[in-house]
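Residue numbers (my numbering), protein chains in the order written: chain P, 1175 to 1272; chain W, 74 to 577.
I have placed the structure first, in the form of structure tokens, so that the comments after it can refer back to it.
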């Protein structure tokens, strides 16, 4: 893995919609670099013969039956919304995205 | 809107210079009872934000659980598309910020889709078969529905705010992705339509989706690029999003080919971007250029464990697959002895299954076709419904046909009988009785009517006497009118000729 530099952090901040000052970018680049280095030590032990692991417990095929369960009411669903109208979440118009 | 302002080349001219390459991403909504990762109902048209659970709203601390039926549906789709099924596959988070997903990521699959490397043979209207290679089919979830308010109606541009309904968020989706489709040439628009139609037919036939395009159950993103004839490398592509009717798929591909050709002719490169399709102007407008925001930072979904398949499971599902639609059509056409044109009309009218049932109930293929393509289709058209929705059962057609064959009624009267049956007046035999519709077969009243008709048209009578036998139709018509259609036209013709002493 390449080192994390300031441009990487700026790119990630943009993707995550987080405003960061120059000072914050510098500091975060340094901190993240330390974290990445630490994690890199894993690859010293795990060779190519060890597959990447996303789950520590070797479970598979945990399925649910296709049976309808409880749902929230419209009021409950909207409880945490900063704003709503017509029973729907109201959000600012956003031009980009999917 | 600024739709339709782009220069386009004529389609023929575009084809003379360039070779189109297509690619499709078709999203299929499954018709499971519940969502992909939650037990909320998967239903269309309910009160907004009522088919939701904390999982669908992405509330903190929730744990999604995979819908087992959706996984089996995905495998069935993969098998129907001649794909290999992954032995082990994972879910992944596709990260992006947009209010259609409250979680700020869509749960999808990335490096290892459940189905991959398949193909589908697409039959064009003239019988040409074109093989489309399938790259992958993966499981994911649908997004919520945004309605843009203020500004111009429903459009993103100029909207002041958007309202979000998460009833659709989390509905199981299968995304089917083709490999680049080369060599379609001028048949590219037709192939595009036929491909999406085939996918829709397959998922409907499998019973895994309602496949109603007008409800968004099947949605198509169409990729188009052009390259000069003879060049190997692909040109830059555009992706026209959410083309949601078969006709629109054909038109959108045709339009993009013509637009690309015009741009390339000026020496300008094509901008890689998404395009929006406008049905009203039958054109596309620029959407969003490919940008840094397309960096989705996929990573394995830590809340969901892998799906592991085995041969026994896959073979069990394979055994449950219905006969593929294309094979079924071939078999039925051969069984029924219809010509290609006749059979195509039957398929297009949506009455193939009805005819199959009607033949099974006991009439010939020709009689079944006569009813479904004739009287029933005519009524369906008038009522603006599907022929199968008129409530005409195969047994009813068998009874009507038996009455015709026994000579009790004729074709014309059978329509009145059908009216009566559909109006709830009883069985066909009862309607004949009650409405007094039986064919007049007693020669007495017929001869009376014939004499009347001959007297009314003496010049025609003379012509027939003079040997112009084909003129008899006018007299037959007069008789049928006089008997309000209740005569057997064949018998009437015989009697007229007898009366006039002419050989038939």
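Here a beta-carbon is modelled for each residue, glycine too, at the ideal position from N, C-alpha and C.
The three-state reading of DSSP puts residue 165 of chain W in strand, counting E and B together. Residue ranges of uninterrupted beta strand (DSSP E) with 3 or more members are absent from the stretch 1183-1231 of chain P; none lies entirely inside it. For residue 526 of chain W, same chain residues with a beta-carbon under 7 Å away, outside a window of 5 residues either side, are 548, 551, 552, 555 in chain order. Distances from the CA of residue 205 of chain W to each of W:96, W:217, W:109 were compared; the closest alpha carbon is that of W:96. Nearest C-alpha to residue 187 of chain W among W:380, W:449, W:418: W:380. In this structure residue 153 of chain W touches residue 397 of chain W by the C-beta definition: roughly 7 Å separates them, less than 8 Å. In the structure shown, residue 96 of chain W adopts extended strand secondary structure according to DSSP, grouped into three states. CA-to-CA, the gap between residue 493 of chain W and residue 561 of chain W works out to about 20 Å. Of all residues in the stretch 1252-1269 of chain P, only 1252, 1259, 1260, 1261, 1262, 1263, 1264, 1265, 1266, 1267, 1268, 1269 place a beta-carbon less than 7 Å from a beta-carbon of chain W. Put simply, the stretch 343-363 of chain W does not touch the stretch 110-124 of chain W. Fewer than three CB pairs are less than 8 Å apart. The straight-line gap separating the alpha-carbon atoms of residue 334 of chain W and residue 407 of chain W is approximately 43 Å. Linking residue 341 of chain W to residue 309 of chain W through their CA atoms gives a straight-line distance of about 11 Å. In the structure shown, residue 1256 of chain P falls within a coil segment according to DSSP collapsed to helix, strand and coil. For residue 79 of chain W, the CB contacts under 6 Å within the same chain, skipping 5 residues up- and downstream, are 332 in chain order.
Its chain contains 149, 152, 153, 279 as the residues whose beta carbon lies nearer than 8 Å to that of residue 394 of chain W, once the 5 sequence neighbours on both sides are disregarded; these appear in chain order. Annotation: Cβ neighbours of residue 1248 of chain P in chain W (cutoff 8 Å, chain order): 120, 121, 122, 123. According to the DSSP secondary-structure assignment, residue 156 of chain W is paired through a beta bridge with no residue. If you draw a 10 Å sphere on the C-beta of residue 104 of chain W, you find 16 or more other C-beta atoms in it, and that means buried.
When only Cα atoms are considered, residue 1220 of chain P and residue 1209 of chain P end up about 18 Å apart. DSSP places residue 431 of chain W within a helical segment (H, G or I) once states are collapsed to three.
In terms of CA proximity to residue 221 of chain W, W:232 leads the group W:232, W:212, W:213. Within the stretch 167-206 of chain W, no run of alpha helix (DSSP H) reaches 4 residues while sitting entirely inside it. For residue 84 of chain W, there is no enclosing beta strand (DSSP E); the residue is found in the alpha helix (DSSP H) stretching over 84-90. Residues of chain P with a Cβ closer than 8 Å to the Cβ of residue 106 of chain W are, in chain order, 1240, 1241, 1242. Pairing residue 189 of chain W with residue 446 of chain W, the inter-Cα distance amounts to about 40 Å. By the C-beta density criterion, residue 320 of chain W is exposed, having fewer than 16 other C-beta atoms within 10 angstroms. With a 10 Å radius around the Cβ and a threshold of 16 neighbouring Cβ atoms, residue 1232 of chain P comes out exposed. Here residue 158 of chain W is near residue 387 of chain W, since their CB atoms are less than 8 Å apart.
DSSP, read as helix, strand or coil, puts residue 1240 of chain P in coil. Going by beta carbons, residue 533 of chain W and residue 566 of chain W fall outside the 8 Å limit.
Considered as a whole, the stretch 338-400 of chain W harbours 384-393 as its complete alpha helix (DSSP H) runs of no fewer than 4 residues, in chain order. Rounded to whole angstroms, the Cβ separation of residue 125 of chain W and residue 1251 of chain P is 5 Å, and the two are in contact under 8 Å. At a cut-off of 8 Å between beta-carbon atoms, residue 356 of chain W makes no contact with chain P. For residue 165 of chain W, the CB contacts under 7 Å within the same chain, skipping 5 residues up- and downstream, are 181, 182, 183, 371, 372, 373, 374 in chain order.
In chain order, 1203, 1206, 1207, 1210 place their CB closer than 7 Å to the CB of residue 1178 of chain P, counting only its own chain and leaving out the 5 sequence neighbours on each side.
In this structure, the CA atom of residue 467 of chain W is about 23 Å from the CA atom of residue 507 of chain W.
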